[in-house]
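For reference, each letter of the sequence shown is one residue, going 1 to 337 in this note's numbering. C-beta atoms are modelled at their ideal positions from N, C-alpha and C, and glycine is treated no differently. Everything on this sheet refers to the single structure shown next.
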Amino acid sequence: MTAETHPAPYTRLDFDPAYLPALEEKLFIEGPLAARRLTNFFALLLMATVIATYGVLSDSTATVIGAMIVAPLMGPIMATTAAVVMGALDRAVRSLALVLVGVATVVVASFVLSLVVPDVTISFTSNGEITSRINPGLYALLTALGSGVAGAFITSRSELSDSIGGVAIAISLVPPLCVVGISLQQGQGDAAMGALLLFTTNFLAILLAGGVTLWLVGLRRAATTEGQFKFRRAGFALFLVGILIIAIPLSLSSYQAIALAADNQKASGEVTAWLAGTNYQVASVKVNGRDVIVTVEGSGELNPAQLLANQIARSLGRPIAIVVRTVPAQRSDSASP
1 MTAETHPAPY
11 TRLDFDPAYL
21 PALEEKLFIE
31 GPLAARRLTN
41 FFALLLMATV
51 IATYGVLSDS
61 TATVIGAMIV
71 APLMGPIMAT
81 TAAVVMGALD
91 RAVRSLALVL
101 VGVATVVVAS
111 FVLSLVVPDV
121 TISFTSNGEI
131 TSRINPGLYA
141 LLTALGSGVA
151 GAFITSRSEL
161 SDSIGGVAIA
171 ISLVPPLCVV
181 GISLQQGQGD
191 AAMGALLLFT
201 TNFLAILLAG
211 GVTLWLVGLR
221 RAATTEGQFK
231 FRRAGFALFL
241 VGILIIAIPL
251 SLSSYQAIAL
261 AADNQKASGE
271 VTAWLAGTNY
281 QVASVKVNGR
291 DVIVTVEGSG
301 ELNPAQLLAN
311 QIARSLGRPI
321 AIVVRTVPAQ
331 RSDSASP
């Protein structure tokens, strides 16, 4: 009589092959319930768009986070990269098409929704939910790559599905698209391009980082034919090229932000030195190319502005035009009865 043997428990980081049918059912919208799942997808997408659009317009971070949790756009993006890893061309095309239709839906819907509140003043300089999404830098790419890895790893584990909400918050998909729609409605083309760049960065990062993660954990074994191998290689090549291309404007934006911060710091130091011995203090210093706007608060006589202009020009290494604004010091007197 031989002892009955049982397979060892699955404890490795590799993808559990037994989970593949459930993963395919979760990721790919197909089969008899496809119409219902598409209805659910677009219903949730429109709800998320409404929440995100008005969250952005009201500059409410909590509201925007709520929209990010509701938004279902992460699903078809992850399905696209999973299909590439599996070498499934038809599934990749269908998933990508759903992403593109979803993107267009959000942009158009947010454009229309922003028309409903014409009396609201939309600031593209002080609204934090807008400004944080129209000037993406390399940090946005690095964050998106990390989110793509986390999202793919969670997707490959049935026991970790409850953690996907955290990834939805970490990576911004629907809010930047809403900013695109709002910006277009306001005639702010540069802001729209910046927000679209942020979405594209996040989208490509999920495809590349998520695809590499799914490949590493073992989903690659689902591809068995030479045609599937070729499609997967071509897909990853496109992802990589897309990331490299998108990294160029992100690098330029980051460089400009760093240079601007350095210029502001140098100019602030010169203003502080210029105010020495007076009753004024620095309120703000803003450098914009050759223009420098200085706001000081206090009372009394100031040193000549030309002296400050010469000092800042020497520090920045270029000619500048300076505007000095003075704000009277606030005084509050009170007396006991």
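Presumed contact (8 Å Cβ cut-off) between residue i and residue j, rounded CB distance
i    : j    : result
I206 : M78  : 7 Å
A341 : V84  : Limits of the chain in this structure are 1 at one end and 337 at the other, which puts residue 341 out of reach.
G181 : V108 : 7 Å
Y280 : V296 : 4 Å
A267 : L316 : 7 Å
A150 : P176 : No, A150 and P176 are not in contact; Cβ-Cβ is about 19 Å, not under 8 Å.
A191 : F124 : 5 Å
V287 : L260 : 7 Å
S254 : L138 : 5 Å
N303 : T278 : 7 Å
Spatial distance of residue i from residue j (CA atoms)
i    : j    : result
Q186 : T121 : 10 Å
L89  : T131 : 38 Å
S60  : I51  : 10 Å
L238 : M74  : 19 Å
P319 : R157 : 59 Å
T213 : K26  : 18 Å
G298 : E270 : 17 Å
F28  : R221 : 18 Å
A48  : V174 : 7 Å
A273 : I312 : 11 Å
Q400 : L57  : The structure shown does not extend to residue 400, since the chain is modelled only from 1 to 337, so the question has no answer here.
G235 : Q256 : 32 Å
V112 : C178 : 10 Å
S114 : L240 : 35 Å
T5   : A152 : Only weak support is given to the placement of T5: the predicted model assigns it a pLDDT of 43, under 50, and the value that follows is read from those uncertain coordinates. C-alpha separation (whole angstroms): 34 Å.
T326 : G128 : 27 Å
V99  : I258 : 34 Å
P32  : T105 : 24 Å
Q188 : T53  : 16 Å
G211 : Q265 : 42 Å
A276 : G289 : 26 Å
V294 : S183 : 29 Å
P46  : P17  : What sits at residue 46 in the sequence shown is Leu, not Pro. If I take the Cα positions, the gap works out to 35 Å.
S361 : L23  : Lying before the first or after the last residue shown, residue 361 is absent from the chain, which here runs from 1 to 337.
A262 : V282 : 17 Å
G55  : R314 : 44 Å
For residue i: DSSP bridge partner residues
i    : result
A321 : D291
T326 : V296
Close-in-space but distant-in-sequence residues of the same chain around residue i (CB under 8 Å, 5 per side omitted)
i    : result
L197 : P136, I246, P249 and L250
L141 : T201, A205, I243, I246, A247 and L250
S305 : Checking the sequence shown, residue 305 turns out to be Ala, not Ser. Closer than 8 Å at Cβ, skipping near neighbours: I322 and V324.
F41  : I29, P72, G75, P76, L98 and G102
S172 : M68, R133, L198, F199 and N202
L44  : V70, A71 and P72
R37  : I29
Contacting residues, own chain, Cβ-Cβ under 7 Å from residue i (five flanking each side not counted)
i    : result
L145 : A205 and A209
A328 : The question names Ala, but residue 328 in the sequence shown is Pro. Excluding positions up to five away in sequence, the list reads S299.
I65  : I169
Proximal residues to residue i (C-beta, below 6 Å), its chain only, five neighbours per side dropped
i    : result
G87  : A223, Q228, F231 and R232
W215 : V85
T81  : L207, G210 and G211
Beta carbon proximity, residue i to chain C, threshold 9 Å
i    : result
A150 : Of the protein chains in this structure there is only one, and it is not chain C.
Exercise for review: Write down every uninterrupted run of the alpha helix (DSSP H) in the segment 239-304 whose length is 4 residues or greater and which is fully enclosed by it, in chain order.
Suggested key: Runs of the alpha helix (DSSP H) spanning 4 or more residues and lying entirely within the segment 239-304 do not occur at all.
Review point. Whole alpha helix (DSSP H) runs in the segment 137-216 with 4 or more residues, listed along the chain?
Key: 138-155, 164-170 and 174-185
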